[in-house]
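Going from the sequence shown to the numbering used here is simple: count from 1 and add 2. For each residue, glycine too, the CB sits at the ideal point set by N, CA and C. These notes concern the structure reproduced below.
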Amino acid sequence: MIDLAHAINALSSSHPFVVEEAIAFLLVRRADAVPALIAALSAGTSAIPAANLLGRLRAVEAMPALVVAERDGGPGLRWEAAQALALIRGEP
């Protein structure tokens with residue numbers, strides 16, 4: 003059994019099965035996952051997959067943090083944050 007912190011850390015695993023298990027865990031725990039994913043946007047290696055998952059969750063409450071990540075993050079995070087924002091806004 004994994005917990006929320008381990009699931010967030012597992013998003014940056016090099017093992018696809020571990021990542022998929024973490025995603026599945028977080029998707030069914032949206033209420034707890036969204037604040038943790040928002041915090042992960044500024045936490046190094048989990049930031050990019052956290053932005054991706056926030057988009058998949060259509061987490062409107064994450065928009066301010068995603069805007070900051072899009073503006074201030076590295077190239078990969080900026081792109082993923084922009085994609086997440088487009089999903090949340092319902093853009094094609």
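Residue 65 and residue 28 have their C-alpha atoms some 18 Å from each other.
The beta carbons of residue 52 and residue 43 sit about 6 Å from each other, so the pair counts as a contact at 8 Å.
Secondary structure at residue 90: helix, using DSSP grouped into helix, strand and coil.
Restricting attention to 80, 9, 81 and 87, the CA atom closest to the CA of residue 56 is found in 87. With contacts defined by Cβ atoms closer than 9 Å, residue 50 and residue 79 form a contacting pair. CA-to-CA, the gap between residue 40 and residue 16 works out to about 22 Å.
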